[in-house]
Amino acid sequence: MKTVPINVQRGTAEETHLDTFEVPYRDGMSVLDALIWIRVNADPSLAFRYSCINANACKECVVKVDGKTEYACTARLTDGGVTVRPLSNKSLIRDLVAETAPPKERLAALLPGKS
Ligand code: FES
126 MKTVPINVQR GTAEETHLDT FEVPYRDGMS VLDALIWIRV NADPSLAFRY SCINANACKE
186 CVVKVDGKTE YACTARLTDG GVTVRPLSNK SLIRDLVAET APPKERLAAL LPGKS
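What follows is the structure in structure tokens.
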């Protein structure tokens, strides 16, 4: 089976690096499909968000794909592979997860004495 290299930014705000995973390729698969494959088959610690799986409704999966802001669930994987990074204009939490919640909706803001 043909595989494609998926470069994924890993780490936290203190340190980041790229990990490369060889993912089985099939026509029409999304970048989210590749990330899910990596989490299930190669590295269960990979952090990324998604909720609706290819419905383009939740907007949780937004990342940078080859430098462009995209929804991972609708961005199609090419047979040359891709580089996936978190949003660059948001605080990095870990791997592909950036802080996207509005400040008043963050958990810390909802706790007593933390506003
Ligand atoms: S997973 Fe919901 S919009 Fe992408």
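In the working numbering, each number is its position in the sequence shown, counted from 1, plus 125.
Here a beta-carbon is modelled for each residue, glycine too, at the ideal position from N, C-alpha and C.
Taking C-alpha positions only, residue 183 is separated from residue 197 by approximately 12 Å. Excluding five sequence positions before and after residue 228, the CB atoms of its chain that fall closer than 7 Å to its own CB belong to 234, given in chain order. Bounds of any beta strand (DSSP E) do not take in residue 157; it lies within the alpha helix (DSSP H) bounded by 156-166. According to DSSP, residue 131 shares a beta bridge with 146, 207. Secondary structure note for residue 235: it is in no beta strand (DSSP E), and the uninterrupted alpha helix (DSSP H) holding it is 232-235.
Proximity of the stretch 217-231 to the stretch 146-158 falls short of the contact definition, fewer than three beta-carbon pairs being nearer than 8 Å.
Beta-bridge analysis with DSSP links residue 223 to 217.
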